[in-house]
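Here's the structure, in structure tokens; my notes come after.
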Amino acid sequence: MLIRRPSDILPSEITPRDAYLNRRRLLAGAAGLALAAGLPKPSRAAALSAVKSPLSATDEKLTSREDITTYNNYYEFGTDKASPAAKAKTLKTSPWTVKVDGLVAKPADYALEDILKPVTLEERIYRMRCVEGWSMVIPWVGFPLADLIKRVEPLGSAKYVAFETAFRPDEMPGTDTIFPVLDWPYVEGLRMDEAMHPLTILAVGLYGETLPNQNGAPIRIVVPWKYGFKGIKSITRISFVEKQPETAWNKQAPDEYGFYANVNPKVDHPRWSQATERRIGEGGLFVKRRPTLPFNGYADQVAQLYAGMDLKKFY
Amino acid sequence: MAGPISAQGAKRGFAVPQVPKIAVYVIGFIPAVWLFYEGVNDRLGADPMRYLEQALGLWALRFLIASLTVTPLRQLAGVNLLRYRRALGLLAFYYAALHLVTYLVLDQGLDFAAIWADIVKRPYITIGMATFVILVPLALTSNNAAIRRLGGQAWARLHRLVYVAAIGAALHFLLVVKSWPPEPLVYTAIVLVLLGYRLVRSLAKKASPRRRPA
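Encoded structure:
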């Protein structure tokens, strides 16, 4: 039986978040962007400086760093929740390039440093609702996906954005199984207006530090009003396309995982209810279910994107 | 189920050290005690309720499988663990009951509307519940008095329901996960091999009734 032991205590766990974020801001000049500096693959997370964002959900208690970084779905590193934290260390995240192609004026292989140079990193505290019925509150560090999209200038014919995760069997033991769990590489997609929405971010960190590999290092999508599987990790390719792109889970089980995958308590997964959720770190064995909110509580900001659509059909 | 032990088979079988049956129960309950202890001390990971629920279910399936290996072990390897089979079967039932109680109380918080909706709407819950219902009469008749009352043949017929329960438990496991991860596939394969063995053997017996089983 595997019993998780607490890992080494990180400074972020014993220093109040405000205090260390302030300290980081002071140090930012000297330290610069750890990512932009092109540090060799960090064995330990590197500090990031980030400004607070009014788009954060600030009234809710943050899920602990321990829980966020040891309870992961990242099937390239195994289907068990604890596997990614144990096995993702093998993923080489530096150097890292992201191919931008398709219906776009500036297609290229962009080095991660170049993507990050002009952006202002923000702290975005978001609720994360997994399609399996659990949720967390995560302090991401990232920037609006819209910033990057504007820079690469998509053509008018581009209606969707498609994303692809790195596929490296040598570094990803979970892809090397007799029965592939998913049709690798992992792919995801967003409609252009969803991708351009200010809540949609490319995250490069959490809790003020670079992303651990198991959370999708070095760069991943976070779309807080959709189920977690839409947040594609370790992105190596962003394509601008005209037709709705294929998505990994939809290919695996089309009747269970739709393209939109908006959090919706009224549309059940065929095999379980989506009406309630368990907040990780709350209550231990005696966890109380809390009601799941339409669009994960972001309905005010995003419901208009789907005006007139039958959300039962476009799940 | 077990046929009469042939003198030949018993002679060939190597001696298994005689461990008191109570030891099987004591050892068998160690995982449950450990899980509750770790759970109460919040050491079952980020989602402790789900961990406990799944671990108890998995132990139920493991003991069910263990009880189904007794007959092939005796017939193929000459290892006779028949005297422990009842304990293994009952342990499977006790773990299934703990698994069910965890689901009802800790997972669903005794919200009977939600539980009923699950039972009618979710095939894996329907199958899980049906499997537990099947195990109840088997557990209730797992004693010498019941065997005497029912008579050996009727008792054996009733207890063939364990095959249905094993299939139900494996299906329940397969249906609860996303995609096809290896663990439920492996357990399902083990169940199929154990049941397939019995099927092949009974077909072979029918084809040549005079041949003594090997």
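Just so you know, the sequences run in chain order D and C. Each position in the first sequence, counted from 1, maps to that position plus 127 in the numbering used here. Each position in the second sequence, counted from 1, maps to that position plus 57 in the numbering used here. Cβ atoms here follow ideal geometry from the backbone N, Cα and C, with glycine treated the same way.
- Between residue 361 of chain D and residue 292 of chain D, the CB-CB gap stays under 9 Å.
- For residue 328 of chain D against residue 267 of chain D, the beta-carbon gap comes to about 7 Å, under 8 Å, which counts as contact.
- Between residue 244 of chain C and residue 157 of chain C, the gap from beta carbon to beta carbon reaches 9 Å or more.
- Those residues of the region 164-187 of chain C placed with their C-beta closer than 9 Å to a C-beta in chain D are 164, 165, 166, 168, 171, 174, 175, 178, 179, 180, 181, 182, ordered along the chain.
- Cβ neighbours of residue 142 of chain C within its own chain (closer than 7 Å, five residues either side excluded): 124, 127.
- Per the Cβ contact rule, the region 275-289 of chain D is in contact with the region 313-328 of chain D (3 or more Cβ pairs under 8 Å).
- With fewer than 16 other Cβ atoms from the protein chains shown falling within 10 Å of its own Cβ, residue 437 of chain D counts as exposed.
- Residue 416 of chain D belongs to the set of residues whose beta carbon lies under 9 Å from a beta carbon in chain C.
- Interface criterion met: the Cβ of residue 305 of chain D is under 9 Å from a Cβ in chain C.
- Per the DSSP secondary-structure output, residue 263 of chain D pairs in a beta bridge with D:255.
- Annotated three-state conformation of residue 124 of chain C is helix, per DSSP.
- Chain order gives no chain C residues near residue 264 of chain D, where near means a beta carbon separation below 7 Å; the closest approach is about 13 Å.
- Taking a Cβ-Cβ cut-off of 9 Å, the neighbours of residue 194 of chain D in chain C comprise 102, 103, 104, given in sequence order.
- In this structure the region 228-240 of chain C does not touch the region 203-212 of chain C; the number of beta carbon pairs closer than 8 Å is below three.
- Here residue 78 of chain C has 140, 141, 144 as same chain residues with Cβ atoms under 7 Å from its own Cβ, once five neighbours each way along the sequence are excluded.
- Distance from the CA of residue 405 of chain D to the CA of residue 215 of chain C, rounded to the nearest whole angstrom, comes to 40 Å.
- Against residue 413 of chain D, the close residues of chain C are 163, in the order they occur along the chain (beta-carbon pairs closer than 7 Å).
- If you look at residue 193 of chain D, you'll find it in the alpha helix (DSSP H) that goes 192-197.
- For residue 300 of chain D, DSSP records no beta bridge to any residue.
- If one requires a minimum length of 4 residues, the alpha helix (DSSP H) runs lying completely within the region 168-248 of chain C are 169-178, 180-197, 201-207, 209-216, 218-233, in chain order.
- In terms of beta-carbon proximity, residue 119 of chain C stays away from the interface with chain D, with every pair separated by 9 Å or more.
- For residue 291 of chain D, the enclosing beta strand (DSSP E) has its first and last residue at 287-292.
- Listed along chain D are 411, 412, each with a C-beta nearer than 8 Å to that of residue 96 of chain C.
- A residue is called buried once 16 or more other Cβ atoms fall within 10 Å of its Cβ, and residue 254 of chain D is buried on that count.
- Sequence-distant partners of residue 180 of chain D (beyond 5 residues in either direction) whose C-beta falls short of 7 Å from its own C-beta, in its chain, are 249, 250, 251.
- Sequence-distant partners of residue 344 of chain D (beyond 5 residues in either direction) whose C-beta falls short of 6 Å from its own C-beta, in its chain, are 220, 338.
- At least 9 Å separates the CB of residue 74 of chain C from every CB of chain D.
- About 5 Å separates the CB atoms of residue 354 of chain D and residue 388 of chain D; that is less than 8 Å, so the two are in contact.
- Between the alpha carbons of residue 310 of chain D and residue 205 of chain D lies a gap of roughly 14 Å.
- The C-beta of residue 186 of chain D has fewer than 16 other C-beta atoms within 10 Å across all chains shown, which makes the residue exposed.
- Taken atom to atom, the span from the alpha-carbon of residue 90 of chain C to that of residue 112 of chain C is near 12 Å.
- Annotation: the continuous beta strand (DSSP E) that includes residue 317 of chain D extends over 314-318.
- Residues of the region 368-395 of chain D whose Cβ lies closer than 7 Å to any Cβ of chain C, in chain order: 379.
- Within the region 196-214 of chain D, the residues whose Cβ lies closer than 9 Å to some Cβ of chain C are 197, 198, 200, 202, 205, 206, 207, 208, 209, listed in chain order.
- For residue 109 of chain C, the neighbours in chain D by C-beta distance under 9 Å run, in chain order, 412.
- By the C-beta criterion, the region 186-193 of chain C is judged not to be in contact with the region 399-414 of chain D, since fewer than 3 inter-stretch pairs fall below 8 Å.
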